[in-house]
Amino acid sequence: MTRSRRSRSKSRPAVAPAVAAAVTTTTVDSRATRGWRWPAVIVACAIIAFLPALTVPFYFDDTIAIEHNDSIRQLVPLSVPLNPPRNTSVAGRPLVNLSLALNYAINARLGIDQSPASKSDARTVGYHAFSLLVHACCALLLFGVVRRTLRHLRADDPEFVAGAAALLWAVHPIHSQAVLYAIARTELLVSLFLLLTLYAVIRAYDAADASAASARTRWQVAAVVASALGMLCKEVMVVAPVIVLCYARAFRGSSWRAVLREQSFRRMYAGIAASAGIAVAFVAASVRGHSVGFDLGVSWYEYLWSQAWAVPHYLRLLAWPAGLTFDYGELPIPGLAPLPGSFVLLAGLALTVYAWRRPAARWAAFLATSFFVVIAPSSSVVPIRTEVAAERRVYLASAAIVVLAVVAGLALLRRRGVPQRVQRVVLGALALTLGVTALANGHTYGDPIHLYGAVVANAPGNARGHLGLGLALMESGEEHAPRAAAEFRNALALDSRNFVAALALGWNELGQNHDAAAHDAFAGALRLRPDNPDARRGVARSFLELGHPDSAAMYVDVASEHDIDLLWDLGAAFTDAKHYDAALPYLSRAAVAEPHAVGIALLSEVLARTGHADSAVVTAARAVRSAGDTVNAYVYAALAMHLAGRPDSARRYAEEALARKPDSPQLREVLRELLPR
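Residue numbers (this note's numbering): -18 to 658.
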């Protein structure tokens, strides 16, 4: 124990002066930045920069993971929310699912309609408020990690350096997707627990330096618990043992051997490493096998080559956040586009290895290593089929780059003799610029047309971007239907196997009475997925609109629970075509599933025409009981009674029809044979 402490103390002179020199500023009274002021500024700016999140609707995976996730509908027993559905964004992430269940319960208590069909803006507010809170907590933990590290290194004014780094990181617009996209709380929560793990480790080291054994033990236990909780949020938490050991080597130990031989910390290291088994178990269970894996159509080398473009792209966005994109699509990056980025990454890796060999640069080596290690699980060789790139993946990894940039920037200003007052002005200008950019980008997320319009502009080869824009246009009103159709066709031109685009194009064309074009689109969707009920329903509907009920019937299941309106319409079409026997099963099934007066009255007519007089009488009576002022129900019932040989009932229903619409000569003409002469 004594020997390892001595080793740590000997390592400080090599590292501390280098960092201290980089961040030393003109001597000032730092009391103004002590206590609560920096945390308050960081939290306030983090929330204000992303405040538009509160009005952002659900997008993309939010639909499956939140709106249609039955496991979040109840909090107790905990086994329900802690068992999220497979092949969703929350699969293998039970703590994230539990947090969604908590949001759902709060909304339910507030009486907010949370059904998928709900148009209430209030239903998303709680989910986004949670994301804002977690983001602010991450910024505070980053502040704590940097400040305590600099204090250990005896650098001047650690509060200012830590505050500058945490503030710039907290308001950077590259975090828009992570903070504003509701289900991206997976990234926020795993980052929270990874930072909390590292913070607890630092506190444990500080307690050991102060010879506070009980405090050291408490912080060590906290580090292991935080690591285990992170493993329940996202698989990237498996890097926690590596981050902790690299930190210990960079700032607390004279060698790797000294770090690992530290008896009072070995159990903590072992506990953090053992907690990784939780994430490994979820991966082994293939709970997200539909989107992550080596046999999903994207090879490991195609994905790795694409990441040689994606990771440098993230770095460019950190330096200049223009061209932020919500969705980069599924297709690997083709050709030689990733080649320049691959050189950048190789150079970065080489410099990182070199920095580890230089004691004075070991702090920079830790930051660079943290960046590569944190981003590696999602941006290396394991293909994520559903997204070739995503800005939320760099959420925590970007913290290392921001800290590195702040330290380097302060070193440059110090060498030029810039007073700290000017440094604060520069910091304020940077934070304001980034914050305003984040705020503006957040408003883009509030409008699906603007959001997907930006996707199309920044990633024109992304078929899913065109699809998203088309869906947003289609939902915004009929006047946008032609433009929506064009976007759906653009999506299909880029990806001919895009089933959702083909299906959406069909419904869009059907809504514009382009029945032939709708049929072609639905047929294309059906070729892609022959057994898909939505595609079959679309083909049936288009055949029906084209006047071919016999062809439509081939794609309709009489026992269907999905589209009862289609059963009603098909029965009515067969009735109009005088195919009464064909109409009967569809009308009968629809009348049981979703009865309404006119449809039931029509069924009574068909029953009468097919020789079921007694059933027609009963059905007609049932129809008029719920008809109210619906004239057509009485008309069909009167006709049914006429056909069934019940003239008195026929006249009574006819008179009731005319009583509700007495000034209609057309109605009187229709019912003239049924009225008293």
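Quick reminder that beta carbons are idealized off the backbone N, C-alpha and C, glycines included. Here the structure is a predicted model, which is why all the values come from computation and not from measurement.
*Give me the Cα-Cα distance between alanine 412 and leucine 226, rounded to the nearest whole angstrom.*
Along the sequence shown, one-based indexing puts residue 412 at 431. Along the sequence shown, one-based indexing puts residue 226 at 245. Between alanine 412 and leucine 226, the C-alpha separation is close to 32 angstroms.
*asked:* Closest to leucine 305 by C-alpha separation, out of Ser457, Pro576, Ala381 and Asn439, would be which residue?
replied: Locating residue 305 in the sequence shown gives position 324, where the first residue counts as 1. The residue among Ser457, Pro576, Ala381 and Asn439 with its C-alpha nearest the C-alpha of leucine 305 is Asn439.
*Give me the Cα-Cα distance between alanine 604 and alanine 563, rounded to the nearest whole angstrom.*
Within the sequence shown, residue 604 is the residue found at index 623, counting from 1. Within the sequence shown, residue 563 is the residue found at index 582, counting from 1. CA-to-CA, the gap between alanine 604 and alanine 563 works out to about 21 angstroms.
*Would you kindly work out how many angstroms separate the C-alpha atoms of phenylalanine 246 and glutamine 201, rounded to a whole number?*
By one-based count along the sequence shown, residue 246 stands at place 265. By one-based count along the sequence shown, residue 201 stands at place 220. Between phenylalanine 246 and glutamine 201, the C-alpha separation is close to 8 angstroms.
*Give the DSSP-derived three-state secondary structure of isoleucine 93 in the structure shown.*
Mapped onto the sequence shown, residue 93 falls at position 112. Isoleucine 93: coil per DSSP, three-state reduction.
*Would you call glutamate 586 buried or exposed, if buried means 16 or more other Cβ atoms sit within 10 Å of its Cβ?*
Residue 586 sits at position 605 when you count from the first residue of the sequence shown. With 16 or more other Cβ atoms within 10 Å, it is buried.
*asked:* Report the CB separation of valine 355 from alanine 378 in whole angstroms; it is logged as a contact under 8 angstroms.
replied: Taking the sequence shown and counting its residues from 1, one reaches residue 355 at position 374. Taking the sequence shown and counting its residues from 1, one reaches residue 378 at position 397. So it is a contact: roughly 4 angstroms between Cβ atoms.
*Curious, which full-length beta strand (DSSP E) runs of at least 3 residues does the region 587 to 627 contain?*
Those beta strand (DSSP E) runs which fall completely within the region 587 to 627 and span 3+ residues do not exist here.
*Is serine -8 helix, strand or coil by DSSP?*
For the purposes of this step, residue -8 is taken as the residue at position 11 of the sequence shown. For serine -8, the predicted structure reports a pLDDT of 39, less than 50, and the residue's modelled location is therefore unreliable. The matter cannot be settled from this model.
*asked:* Do alanine 146 and valine 292 count as a contact pair if the criterion is CB distance below 7 angstroms?
replied: Residue numbering aside, residue 292 sits at position 311 when the sequence shown is read from its first letter. Residue numbering aside, residue 146 sits at position 165 when the sequence shown is read from its first letter. For valine 292 and alanine 146, no; Cβs fall outside 7 angstroms.
*When DSSP labels each residue in this structure, what does arginine -13 get in the three-state scheme?*
Numbered from 1 along the sequence shown, position 6 holds the residue referred to as residue -13. Note that arginine -13 scores a pLDDT of 37, beneath 50, so its modelled location is shaky; the value from the coordinates is reported in the next line. Secondary structure of arginine -13 (DSSP, three-state): helix.
*Could you give the residue range of the alpha helix (DSSP H) that holds valine 481?*
Looking up residue 481 in the sequence shown gives position 500. 480 to 492 is the span of the alpha helix (DSSP H), which, as asked, contains valine 481.
*What is the residue span of the alpha helix (DSSP H) that proline 66 lies within?*
Your numbering for residue 66 matches position 85 in the sequence shown. From DSSP, proline 66 is part of no alpha helix (DSSP H); its letter is neither H nor E.
*Straight-line gap, tyrosine 536 to leucine 584 (C-alpha atoms, nearest Å)*: By one-based count along the sequence shown, residue 536 stands at place 555. By one-based count along the sequence shown, residue 584 stands at place 603. Near 22 angstroms, if we compare the C-alpha coordinates of leucine 584 and tyrosine 536.
*From the DSSP output, in three-state form, read off isoleucine 365 for me.*
As a first step, residue 365 must be located in the sequence shown, where it is residue number 384. Of the three classes helix, strand and coil, the one that applies to isoleucine 365 here is strand, per DSSP.
*Return yes when the Cβ of proline 20 is within less than 7 angstroms of the Cβ of leucine 121, no when it is not.*
In the sequence shown, counting from the first residue as 1, residue 121 sits at position 140. In the sequence shown, counting from the first residue as 1, residue 20 sits at position 39. Result yes, Cβ atoms of leucine 121 and proline 20 sit closer than 7 angstroms.
*asked:* Taking only three categories from DSSP, how would you classify valine 127?
replied: In the sequence shown, counting from the first residue as 1, residue 127 sits at position 146. Helix.
*Assuming tyrosine 85 contacts alanine 163 under a Cβ cut-off of 8 angstroms, what Cβ separation, rounded to an integer in Å, is found between them?*
By one-based count along the sequence shown, residue 85 stands at place 104. By one-based count along the sequence shown, residue 163 stands at place 182. That belief does not hold up - the Cβ atoms of tyrosine 85 and alanine 163 are roughly 12 angstroms apart, past 8 angstroms.
*Use the C-beta contact count for threonine 661: other C-beta atoms within 10 angstroms, 16 or more gives buried, fewer gives exposed.*
This structure leaves residue 661 out entirely; the chain is present only between -18 and 658.
*asked:* In this structure, how does DSSP classify valine 273 when only helix, strand and coil are distinguished?
replied: Residue numbering aside, residue 273 sits at position 292 when the sequence shown is read from its first letter. Residue state, collapsed to three classes: strand.
*Exposed or buried, alanine 194, counting other C-beta atoms within 10 Å across all chains shown (16 or more means buried)?*
Along the sequence shown, read from residue 1 onward, the residue named residue 194 stands at position 213. The residue is exposed, with fewer than 16 neighbouring Cβ atoms inside 10 Å.
*alpha helix (DSSP H) runs contained entirely in the region 430 to 468, provided each spans 4 or more residues*: Taking 4 residues as the shortest admissible run, the region 430 to 468 contains the following complete alpha helix (DSSP H) segments, listed from N- to C-terminal end: 444 to 457.
*Where does arginine 522 land, buried or exposed, given buried means 16+ other C-beta within 10 angstroms?*
Counting from one through the sequence shown, the residue named residue 522 turns up at place 541. In this structure arginine 522 is buried. Its beta-carbon is surrounded by 16 or more other beta-carbon atoms within 10 angstroms.
*With DSSP run on the structure shown, which of helix, strand or coil describes isoleucine 314?*
The sequence position of residue 314 within the sequence shown is 333, counting from 1. Note: isoleucine 314 maps to coil in three-state DSSP.
_Beta-carbon spacing of proline 364, tyrosine 309 below 7 angstroms_ = Mapped onto the sequence shown, residue 364 falls at position 383. Mapped onto the sequence shown, residue 309 falls at position 328. Not a contact, by the Cβ cut-off of 7 angstroms.
*asked:* Is it the case that the region 53 to 67 contacts the region 23 to 35, given that we only count it when at least three CB pairs across the two stretches are under 8 angstroms?
replied: The region 23 to 35, when compared against the region 53 to 67, does not touch it at the 8 angstroms Cβ threshold.
*Output the distance between the C-alpha atoms of valine 261 and methionine 212, rounded to the nearest integer angstrom.*
Here residue 261 refers to the residue found at position 280 when the sequence shown is read from its first residue. Here residue 212 refers to the residue found at position 231 when the sequence shown is read from its first residue. Straight-line spacing of the CA atoms in valine 261 and methionine 212 works out to 9 angstroms.
*asked:* Quick check on aspartate 428: does DSSP put it in helix, strand or coil?
replied: Reading the sequence shown from its first residue, position 447 is the one you call residue 428. Coil at aspartate 428, not helix or strand.
*Could you name the residues of the same chain whose beta carbon sits closer than 7 angstroms to that of alanine 196, not counting the 5 residues immediately before and after it, in chain order?*
In the sequence shown, the residue the question calls residue 196 occupies position 215. Ala188, listed in sequence order.
*Can you tell me whether DSSP reads valine 403 as helix, strand or coil?*
Numbered from 1 along the sequence shown, position 422 holds the residue referred to as residue 403. Assigned with DSSP and collapsed to three states, valine 403 falls in helix.
*asked:* Taking the straight line between their C-alpha atoms, what separation do you get for serine 532 and arginine 517?
replied: Position 551 of the sequence shown, counted from the start, is the residue given in the question as residue 532. Position 536 of the sequence shown, counted from the start, is the residue given in the question as residue 517. Straight-line Cα distance between these residues: approximately 11 angstroms.
*Quick one: grab the DSSP three-state call for phenylalanine 307.*
Looking up residue 307 in the sequence shown gives position 326. It is coil, neither helix nor strand.
*Near alanine 554, what residues of its chain come up, given a Cβ to Cβ distance below 7 angstroms and the 5 sequence neighbours on each side ignored?*
One-based indexing of the sequence shown puts residue 554 at position 573. Counting only Cβ-Cβ distances below 7 angstroms, and skipping sequence neighbours, we find Leu525 and Pro530.
*asked:* Which complete alpha helix (DSSP H) runs does the region 145 to 190 hold, if anything under 4 residues is left out?
replied: List check, alpha helix (DSSP H) in window: 157 to 161 and 166 to 190.
*Grab me the residues of alanine 46's own chain with a C-beta within less than 6 angstroms of its C-beta, minus the 5 sequence neighbours each way, in chain order.*
As a working mapping, residue 46 is identified with position 65 in the sequence shown. Answer for alanine 46: Thr69, Ser70, Val71 and Ile164, listed in chain order.
*Taking the runs of the alpha helix (DSSP H) that are 4 residues or longer, which of them lie wholly in the region 338 to 396?*
Contiguous alpha helix (DSSP H) elements confined to the region 338 to 396 occur at 343 to 356 and 378 to 396, taking only those with 4 or more residues.
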